[in-house]
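**Q** Got a structure here, written out as structure tokens. Questions coming.
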Amino acid sequence: MLRAKQICIKFLGAKILQSCFVWRITLASLALAVVEVEAYKSSIRHDELVAELNQLGIPVPTGIGVGITQVEAGNGSATAILPNSANAEFSGKMITDQDGGSTNSNHATVVGKNLYGNSSSVAPGISQVDVYGANNWLYNLNWYNGSGEPSVEPNPIQNHSWVSFVSSSNPSLRMDYAVGRDVFLPIIGLYNSDYGDQNTISDIPAIYGSIYNGISVGVNDGSHRFGTTSYDGTGRVKPEIVAPSSFTSYAAPMVSSVAAFLIDAAGTDTAAQNPITLKAVILAAADKSVSADWDQTPTRPIDEQYGAGKLDLYESYFIQQGGQQTAGSTIALRGWNLGNISSTTTDSYTITVPAGYELQNLSALVTWNRDVTRRRQGFNFIYTPSLANLALKLQDNSGNTLYNSDSSVDNIEHIWRDSSNGLSEGTYTLEVTSNADAQYAIAWRSELYQDFTLWSTTAFDASVPTIDREAKADPDGDNIDNLLEFALGGDPNTNDRSILPIITTVIDAGTRYLELSYTRPKGLDTITYVVQTTSDTTSWPTDGTGVEPDPSILDNGNETETLTYRRTEAIDANNRAFMRLKVSTP
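The numbering of the sequence shown is this note's numbering, which starts it at 50 and goes up by one.
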């Protein structure tokens with residue numbers, strides 16, 4: 050039977066007698082977690098990204114060189130906090146017991162597998178892990194109380210797969226203070242739906258569900274506690290994102306592993322590695338298809354249950370690789386900026402939608418940190434917060450506001466326009482404003498959509514009759530119909546057969562093969578391309594049988610790409626062999 054276990058931490062202060070750490074941890078839940086470890090990389094599009102990077106000849110980031118702080122509540126005993134270092138998933142890792150005298154924990158082991166496991170994580174290059182017990186963390190290292198500052202955080206990522214309930218803003222204030230001081234990203238799991246009451250105040254725990262300067266994590270199926278904060282800054286929506294696990298303990302390290310992956314992918318770009326940038330990129334990339342009920346309002350930037358959406362490493366990577374694009378510029382389809390703003394400035398980012406296209410699935414997200422100062426008051430030190438109020442607005446070229454995200458309490462603003470709410474040809478502006486000086490990060494992604502109908506509105510000379518603009522027509526007389534001109538990036542007004550596929554023979558290890566290469570516009574999702582092969586032109590397959598499924602892809606640097614497919618059977622073994630490209634609309 051699944052059940053919630055808890056261990057209470059005693060505190061000898063005048064008001065709080067104890068707080069209870071709650072998590073799900075049984076043999077049954079661990080067995081389920083093993084399955085999740087195997088599946089999550091595909092779910093967050095890691096496998097898809099790896100295949101694409103391999104085709105492009107780009108090294109796959111692994112999180113190498115990224116240090117991790119893993120804080121664990123004791124699993125059965127207060128000292129049981131360590132991942133099992135004898136597990137093959139942790140071979141080559143330096144896992145340091147910062148408490149001293151700790152023992153292994155099944156819970157910490159599964160968290161570690163998802164975060165830095167050699168085969169199970171998207172960031173297997175992580176080799177340095179500092180592990181702390183929650184008791185020591187809160188009460189000896191000053192993350193909850195005490196006259197000293199919270200201990201210095203040397204690592205760029207903290208993972209907290211545990212929660213605690215205290216009616217105090219102390220923990221979140223100290224965490225946000227430490228983030229500003231040491232510049233790191235805390236990633237925390239909320240707790241699971243089978244514990245507590247969704248309608249009670251305790252559903253967003255003070256430790257660490259109430260923090261501003263980090264990412265709180267739920268699960269894809271929504272079976273986590275969700276709602277708004279109560280202990281520190283009331284009314285903020287939590288979680289910020291969801292990930293593919295049945296338990297929040299194991300969802301949080303999935304997000305942490307993506308953050309480590311992105312730090313590695315950023316190379317030496319410190320602005321891309323900044324925690325605010327990482328948060329903006331990860332949340333802007335989140336997939337809204339996690340729920341048909343996902344929604345937002347102008348004063349509630351993300352969904353009440355699913356946050357910004359489900360974790361998507363593929364989009365996160367390409368947003369980051371879109372590069373930093375400063376305010377005042379015309380932005381690409383993907384990108385980000387880390388900037389500074391004041392109450393007297395407006396930062397504008399221009400979006401241009403070219404003729405014959407529609408801009409769809411625009412996700413733009415701004416985030417910034419809460420500032421927390423520490424000062425002495427009598428014999429004590431107090432932590433004082435201040436939060437700028439930023440807004441994010443989308444306007445058309447006439448100055449009309451199409452959407453305005455302006456929450457008075459959240460430190461996130463978000464604009465989402467799906468494929469049913471695309472932007473037509475024209476110029477648009479994303480505007481960021483603030484009531485105070487603040488550093489912020491903005492990240493965005495979008496897709497240029499073009500189908501044959503949109504293409505045909507701008508592709509033809511004015512003299513071309515309507516009947517010659519149909520898909521099967523050939524107004525330029527080159528025996529390439531308009532649909533194929535569209536699919537291969539041709540000009541239907543110019544007689545030019547150079548756009549047609551090229552068939553060649555290649556010798557590989559002394560054996561000859563037939564290959565077909567064609568060039569197409571990038572991102573043309575409204576055309577289906579199928580390369581086919583046969584030894585008898587009277588009988589073609591309906592699919593790609595006999596053709597290697599993974600082509601080599603060459604990015605031509607002009608928004609086109611050349612794909613080369615190889616016939617699997619050597620042509621020396623068959624006197625007749627043919628290949629062709631078939632294009633169609635869905």
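Beta carbons are placed, not taken as given, at the ideal position from N, Cα and C, and that holds for glycine. All figures in this text were calculated on a predicted structure; none of them were measured in a lab.
By how many angstroms is the C-alpha of D352 removed from the C-alpha of T283?
**A** 16 Å
**Q** Helix, strand or coil: how does DSSP classify Q104 here?
**A** Looking at Q104 - three-state DSSP - the assignment turns out to be helix.
**Q** If you run the structure through DSSP and keep just helix, strand and coil, what is A341?
**A** Reduced to three states, the DSSP call for A341 is coil.
**Q** Kindly indicate the opening and closing residues of the alpha helix (DSSP H) around P110.
**A** Careful: P110 lies outside any alpha helix (DSSP H) and carries neither H nor E.
**Q** Looking only at its chain, what residues have a beta carbon closer than 8 Å to the beta carbon of P293, apart from the 5 residues adjacent to it on each side?
**A** E85, A88, Y89, S92, I93, V268, N269, A300, M303, K359 and L360
**Q** By DSSP's criteria, R494 is part of a beta bridge. Which residues make up the other side?
**A** S412
**Q** Who are the Cβ neighbours of A137 in its own chain at under 6 Å, not counting the five residues just before and after it?
**A** none
**Q** Taking D313 as part of the alpha helix (DSSP H), name the residues at either end of that continuous run.
**A** T297 to A314
**Q** On the three-state DSSP scale, how would you describe D574?
**A** coil
**Q** Could you give the C-beta distance for A536 and R569, rounded to a whole number, given that I count them as a contact under 8 Å?
**A** 6 Å
**Q** DSSP beta-bridge partners for Y562?
**A** V555
**Q** Roughly how many whole angstroms lie between the Cα atoms of N605 and I113?
**A** 30 Å
**Q** If I'm right that Y165 touches A157 with Cβ under 8 Å, what's the distance once you round it to whole angstroms?
**A** Not quite, the Cβ-Cβ distance comes to about 12 Å (not below 8 Å), so this is no contact.
**Q** Does DSSP put N607 in a helix, a strand or coil?
**A** DSSP places N607 in the coil class of the three-state scheme, outside both helix and strand.
**Q** Can you tell me where the alpha helix (DSSP H) with Q177 in it begins and where it stops?
**A** Run containing Q177: none in the alpha helix (DSSP H); it sits in the beta strand (DSSP E), Q177 to G182.
**Q** Need the endpoints of the beta strand (DSSP E) that A129 sits in, please.
**A** A129 to L131
**Q** Out of T433, A558, I206 and G356, state which residue places its alpha-carbon closest to the alpha-carbon of G271.
**A** G356
**Q** Since I believe T543 is in contact with D517 (beta carbons under 8 Å), could you give me their beta-carbon distance rounded to a whole number of angstroms?
**A** Incorrect: roughly 14 Å between the Cβ atoms, too far for contact.
**Q** Going along the chain, which residues of its own chain have a beta-carbon closer than 6 Å to the beta-carbon of A315, five neighbours each way excluded?
**A** A321 and Q322
**Q** Does P635 pass the burial test, meaning 16 or more other C-beta atoms within 10 Å, or should it be called exposed?
**A** exposed
**Q** Going by DSSP, what residues sit across from A292 in a beta bridge?
**A** V268
**Q** In this structure, how does DSSP classify S483 when only helix, strand and coil are distinguished?
**A** strand
**Q** What does the alpha-carbon distance come out to for the pair A619 and A558?
**A** 11 Å
**Q** What do you get for N624, buried or exposed, if any count of 16 or more other CB atoms within 10 angstroms of its CB means buried?
**A** exposed
**Q** Taking 7 Å as the threshold (C-beta atoms), are T297 and G238 in contact?
**A** yes
**Q** Got a sec, what are the start and stop residues for the alpha helix (DSSP H) I331 sits in?
**A** P324 to A334
**Q** Would you kindly work out how many angstroms separate the C-alpha atoms of A308 and V555, rounded to a whole number?
**A** 42 Å
**Q** Leaving out five residues on either side along the sequence, give the residues of the same chain with a beta carbon under 6 Å from the beta carbon of I461.
**A** P350 and T416
**Q** Whole-angstrom Cβ separation of N167 and S140, contact assumed at under 8 Å?
**A** 6 Å
**Q** Any chance the segment 378-389 sits against the segment 478-490, with 3 or more Cβ pairs inside 8 Å?
**A** yes
**Q** Could you say which of T594, L612, P590 and G593 lies nearest to P600 if we only look at CA atoms?
**A** Nearest to P600 by alpha-carbon distance, out of T594, L612, P590 and G593, is L612.
**Q** Where does A63 sit, in a helix, a strand or coil, going by DSSP?
**A** Unreliable positioning characterises A63 in this predicted model, as indicated by a pLDDT of 26, which lies under 50. A coordinate reading is not provided.
**Q** Closest by CA to Q207, which one among G161, N155 and L382?
**A** G161
**Q** Considering just the uninterrupted stretch of the alpha helix (DSSP H) at K637, what are its terminal residues?
**A** Residue 637 falls outside the range modelled here, since the chain spans only 50 to 635, and no answer is possible.
**Q** Can you tell me which of the three DSSP states W385 falls into?
**A** Reduced to three states, the DSSP call for W385 is strand.
**Q** Which residue comes first and which comes last in the alpha helix (DSSP H) that contains D231?
**A** N219 to D231
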